[in-house]
Structures are given as C-alpha cells and as structure tokens.
Amino acid sequence: MPSVRPSFLSGTLTPFLYPSFTESTLITVSRRCPLRRRFPPRARCSSTATKQSDYSQLNPTPDDYSLTPFADRAILTLEAGAGGHGCVSFLREMYTPEGPANGGDGGSGGNVYIQAVRGETSLHKLARRRLIKAGRGRNGQGKVKGGERGADVLIKVPIGTIVREIQRRDPVEVLLEEAEKAEMERERAEANGEVVEEGGFKKDRWLVYPGTVPTELNRMKFPQLPKPRRSHLVALEPQSPMWLDLDKHMETPMLLAAGAMGGLGNPNFMTPFNNRPKIATKGEEGVKISVQLELKILADLGLVGLPNAGKSTLLRALSNSRARVGNWAFTTLQPNVGTVVLDNHKDRPLVMKRNKHGELRESFTIADVPGLIEDAHLDKGLGLGFLRHVERAAVLAFVIDLNASDAVQALKLLWREVSEYETLRGKELNAETERRMVMYKPANSVESKSETDMLDTPELNPSLEPLPFLASEPISAKPWFVVATKADLEGTQENYEKLHKYLEDVKSGVQPHPSGRENAWKRDISSIPISAINAHGVEAIPQIVMDLLDD
Numbered sequence: 001m002p003s004v005r006p007s008f009l010s011g012t013l014t015p016f017l018y019p020s021f022t023e024s025t026l027i028t029v030s031r032r033c034p035l036r037r038r039f040p041p042r043a044r045c046s047s048t049a050t051k052q053s054d055y056s057q058l059n060p061t062p063d064d065y066s067l068t069p070f071a072d073r074a075i076l077t078l079e080a081g082a083g084g085h086g087c088v089s090f091l092r093e094m095y096t097p098e099g100p101a102n103g104g105d106g107g108s109g110g111n112v113y114i115q116a117v118r119g120e121t122s123l124h125k126l127a128r129r130r131l132i133k134a135g136r137g138r139n140g141q142g143k144v145k146g147g148e149r150g151a152d153v154l155i156k157v158p159i160g161t162i163v164r165e166i167q168r169r170d171p172v173e174v175l176l177e178e179a180e181k182a183e184m185e186r187e188r189a190e191a192n193g194e195v196v197e198e199g200g201f202k203k204d205r206w207l208v209y210p211g212t213v214p215t216e217l218n219r220m221k222f223p224q225l226p227k228p229r230r231s232h233l234v235a236l237e238p239q240s241p242m243w244l245d246l247d248k249h250m251e252t253p254m255l256l257a258a259g260a261m262g263g264l265g266n267p268n269f270m271t272p273f274n275n276r277p278k279i280a281t282k283g284e285e286g287v288k289i290s291v292q293l294e295l296k297i298l299a300d301l302g303l304v305g306l307p308n309a310g311k312s313t314l315l316r317a318l319s320n321s322r323a324r325v326g327n328w329a330f331t332t333l334q335p336n337v338g339t340v341v342l343d344n345h346k347d348r349p350l351v352m353k354r355n356k357h358g359e360l361r362e363s364f365t366i367a368d369v370p371g372l373i374e375d376a377h378l379d380k381g382l383g384l385g386f387l388r389h390v391e392r393a394a395v396l397a398f399v400i401d402l403n404a405s406d407a408v409q410a411l412k413l414l415w416r417e418v419s420e421y422e423t424l425r426g427k428e429l430n431a432e433t434e435r436r437m438v439m440y441k442p443a444n445s446v447e448s449k450s451e452t453d454m455l456d457t458p459e460l461n462p463s464l465e466p467l468p469f470l471a472s473e474p475i476s477a478k479p480w481f482v483v484a485t486k487a488d489l490e491g492t493q494e495n496y497e498k499l500h501k502y503l504e505d506v507k508s509g510v511q512p513h514p515s516g517r518e519n520a521w522k523r524d525i526s527s528i529p530i531s532a533i534n535a536h537g538v539e540a541i542p543q544i545v546m547d548l549l550d551d
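All residue numbers for the sequence shown refer to UniProt numbering, where the first residue is 1 and numbers rise by one.
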C-alpha cells in the first residue's frame, strides 16, 4: 500500500516533531478532519469568468477607479523658526566658587525653502496643511555651548506654480523701528541736557537668573537692549512682496523665509565691574508670510469635450491613470491628471523632443477636464471653476463624439463656451486694472471721500502693494487639435469627413475660426479619428502634442 500523507500536513514539521504519528494515524486524522470537505473550493461559473475577462484597463468595471486628490490653489502661512534663548550660567569648578559667566547663545531658527520638482501635479498636499512652520532653535547651555539650529522645512510644488505674497509680519522690523524711535528720543534728551535713563526690564526681551526675587530684580540695572539681529541668509530671500514664477525644474531649493537669530548668553553682558551678569536675551521671533500658490500650467495637454465624449477612456488609453469611466454624463467631477511616458529607458523613445530649456522630454501630462455643457460660462453645469482649468493647459485637445451628434456643431459649441469665458476673463482683467490705478493729485489738493474709497488698501498690512492679477495666455491663442472618438462604430465615417473638411476650411481661411476671434491660432489644425476603448489610433497623439508644444 503506498504511503498516504494528508494534504493539510504537507509542508509542515509535524512528522519530524511527532514521529509517533504513523501512516495509519495520519490517515485516521485526515478522515476525521477533512479540510477539503469543510472548505470546498468555489465553483466558478463559465459565464462569470467570461464576463470578468471582458473587462480591461480601457473598459473597467463600474467600481474599478480611483479618485486622485486634486487642488490647483492653496493659501499657506509660512513661519520661519524662532531663535532659542540665551543661557544664564556660571563657571563651576574646584577652587572657583564664583566663576565668570559661561552661558551659550541660543540657536537660530529653521528656514523655509521651496522647490519646483518633476512628478508633482497637484497642490492638495499643501492645501490641507494651512500652516507650515520651521523648527525653533534650541536654547543655549552652560560651558559656552550654543544652541542647535532649528529644523528646516522644504516645500515641494509642481512645475508652473505661481507664488504670490498676501501678507507679511516681520517682528524684527517692528523691533528695529522701536529701537530707532528710542535712539531718536535719547539724542533729543541729550541735546536738551536731560538725564538719559538706561533701559529697564522687559519681560518679553530679557531673561534673568532663576530664583531672582522681585526685590532683587528691581535693584538690578539692565543695560541698553542690543539691536535686533537678522540672519545673513536674509540676503538670499526674494524681494518683498514676493512674486515667483517657478516655471522649470529646480535643482536646488529657494529660500523663502530665513530663521530668526537666537538670544545672547550672559557672557555678552560682562563689564569690568560685573563679570557675573544674571541676564540674557530671548531669541527673536520668526517672520510670518501668507502666500497664495496657484498652478499657472495645469498640464501640457488639456482634454475639452462634452459630457460622455470619451475623455476619461482616452486618458486611460494614453497613461496608467485609473480615472472613473462610465456610460453616463459627468463621470468626471474633478480634473484627473495623467502622465504619458515617452522614454522608459528600456526601448527606443516614442517621441524625441526637447523642451525650451534644451532638456529631452521624458514625459508629458494630460488633464481630463470635466465635461462642458451649453451656457457653462454662465456658471451652469460644473460652472466656471473648471473652465479655469482649460486656460491652464499648454495645448488643447477637443474630444468630439462621432456617434452622438453633428461633430461640427459640437466643436462650435465647445469653442463658443470657451470664447465666452475668455471674454469674461478679459473684463475681469480690465476691471482689476482700473481698480488698481492711482490717479494723479496735486500736492495741495484735498481728497474727496469718493476718491479715497476707490483706493484699495489691504486691511491686514497697509504697507503691502495690492496682489497682482494672475493673467495667462488667451485660450484662443493656444495650439489645439481635434480627437474624434468612437470612430469604430458604424455610421461615423460621414460625420468625420464633415469635421475634417470644416477644419481644412478653417485652416485655409474659408471658414472663420470657431471662437469668432481674428487672432486665434489656426496654423496647423489637425484631427485624428480614434477608438479609445480599443486603443486604436491613440499612438499618434504623443507626436502631435510634442509638435504643438514646440510651436
């Protein structure tokens, strides 16, 4: 009789650990504990298996999608690290009962840096934080040990981010103004022959030896406060108010806010008559800057189309995105950004192109904008919020469904909404420019109340200039082409021929531009029929996009 070993004991150490288990015993145990009988295998229906095999990356199940967090605007408060306090300490050694002061200075605070890097496509990570604060410097210690520097903070943003300053609060600037006023009052008192009193105790600036009683504190003579100090790294900060256009990859970070200086230890206040001062200064507070981050270019290619035109399926066909796909309108409720890899460093690149900085393009990004409906410029449908994403794409691809209706009318409808939105943006820019104009007034003229009301002065910080208006290239001036989807269905060939003839007429000047603007871009308008769900024809899109990006 051949030896029988139960399947539930195979691959275990049971025979080695329990040699008394004979073959018959094992057979008996296996009969009493039939695992296959207790846990029978699932029977798969052939129809279910066939149905599962029909789904793929381009035709997924309704629940096979992922919602990528997205944000193209963020308002942050950046706070540089505060300086550590100085130390009040004295030398303590054998035969030196009352040694001199040996307290160390406080460490400087951490810095706040920013860097535009490849791979980042959204500001949602920063929009959730609101406050970004660098580390505080450590306090000084005895034996003239200086405090440790605070931890730095690095903010990584996508390429094409605009950084605009809203408000700035610099405690060192306030202290410098107070010191300047005190110096002027002191000079005026000396000129008048008055007695100048030395500086007194200020709780927010001075530190005293622990255990000092109030009576002793009143008898102590405090010297004049040292002037507030700034870090030498302040020279590397951009000029205030900040207006930064991070339009290329940065190899090294840029300093936004330098950390504050630490306080002075008690050796700094030694005099020939007092070698044991019991005072030290506190560290300076860090600067606080409120900034607005906004993506100027959301993606290299923006997909514009009516609802259920196949934009998300096209995004899946070109990239590894898992955007939601369904046979109903408004499956996309927020922009989905995907990356098309041109060079995976394994085979020959799909397209070899260089960007404006001379670097070889390894990839480009695609933004799937939610569908536009008629009168979207009047805030209907998903409204103006997503028309704003259209103007932040370098190249536009109008996705037209050949199986839905007249392709030419659909293209004209999309361009009409985009053009109306462009007109609204132009009116906003003109109104913003007029509102920020400062009229000339003679020196002896009296301002009227109406003229004063016209001036725009920020309430938070009157010294700041008004926030500049973020203008971009007109949408009609951007390169664009047409992607005709669902071309594999019957009856779509005639619809595409009409669309192709219309685009040729626009290119040659026979037909006006669909936006109705004279200076609109129409040098190299092209169209391509594809079947996104079958990935037919999509391989020609990267080459078209690269050519238009160079244009």
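In this text, a Cβ means the ideal position worked out from N, Cα and C, and glycines have one as well. Because the structure is a prediction, the values reported are computed rather than measured.
- A Cβ-Cβ distance of about 11 Å is found for the pair residue 286 and residue 262, leaving them out of contact under the 8 Å criterion.
- Counting along the chain, the unbroken beta strand (DSSP E) around residue 529 starts and ends at 527-529.
- Exclusion of the five residues before and after residue 516 leaves 419 as the residues of its chain whose Cβ lies within less than 7 Å of its Cβ.
- Taking the Cα of residue 255 as reference, the smallest distance to any Cα among 230, 115, 84, 533 is reached at 115.
- Secondary structure of residue 171 (DSSP, three-state): helix.
- Between residue 137 and residue 148, the gap from beta carbon to beta carbon is short of 8 Å.
- A contact is defined here as three or more CB-CB pairs under 8 Å, and the segment 531-549 fails this definition with respect to the segment 492-502.
- The residues 288, in chain order, have a CB closer than 6 Å to that of residue 169 in the same chain once the five nearest residues on each side in sequence are set aside.
- Distance from residue 78 to residue 112 at the Cβ level is roughly 5 Å; contact confirmed, criterion being Cβ atoms closer than 8 Å.
- Looking at the backbone, the Cα of residue 473 and that of residue 141 are separated by about 57 Å.
- Cα atoms of residue 308 and residue 69: separation of roughly 22 Å, rounded to the nearest angstrom.
- One thing to note: residue 291 has its Cβ within 8 Å of the Cβ of residue 165.
- Of the residues assessed, residue 185 falls on the exposed side of the cut-off, its CB having fewer than 16 other CB atoms within 10 angstroms.
- Only exposed fits residue 154, as fewer than 16 other CB atoms lie within 10 angstroms of its CB.
- Of all alpha-carbon atoms in 402, 546, 388, 131, the one lying nearest the alpha-carbon of residue 296 is that of 388.
- With contacts defined as CB atoms closer than 8 Å, residue 157 and residue 298 fail to qualify as a contacting pair.
- Just so you know, the alpha carbons of residue 423 and residue 475 end up roughly 10 Å apart.
- Listed in chain order, the beta strand (DSSP E) runs fully inside the segment 59-109 are 73-79, counting runs of at least 3 residues.
- Judged by their CB atoms, residue 339 and residue 532 are not nearer to each other than the 8 Å cut-off.
- The beta carbons of residue 397 and residue 495 sit no closer together than 8 Å.
- A distance of 8 Å or more separates the beta carbons of residue 367 and residue 86.
- For the 8 Å CB-CB criterion, residue 402 and residue 487 form a contact.
- Distance between residue 226 and residue 257, taken at the CA atoms: about 23 Å.
- Contact between residue 318 and residue 399 does not hold, since the beta-carbon distance rounds to 12 Å and is not under 8 Å.
- Ranking 234, 171, 129 by CA distance to the CA of residue 204 puts 171 first.
- Looking at the DSSP output, residue 113 bridges to 154, 255.
- Following the DSSP letters along the chain, one finds residue 547 inside the alpha helix (DSSP H) bounded by residues 541-550.
- Annotated three-state conformation of residue 395 is strand, per DSSP.
- Secondary structure note for residue 218: its alpha helix (DSSP H) is the uninterrupted segment 214-219.
- With distances taken between CA atoms, residue 315 lies nearest to 364 out of 360, 273, 364.
- Here the alpha carbon of residue 179 sits roughly 34 Å from the alpha carbon of residue 253.
- Ranked by Cα distance from residue 342, the options 108, 544, 105, 276 are led by 544.
- Membership of residue 294 in the beta strand (DSSP E) is indicated by the continuous run 288-295.
- A check of alpha carbon separations from residue 548 across 395, 124, 98 identifies 395 as the nearest.
- From the listed residues 349, 245, 139, 369, the smallest Cα separation to residue 337 is found for 369.
- Here residue 237 is buried, its C-beta having at least 16 other C-beta atoms within 10 Å.
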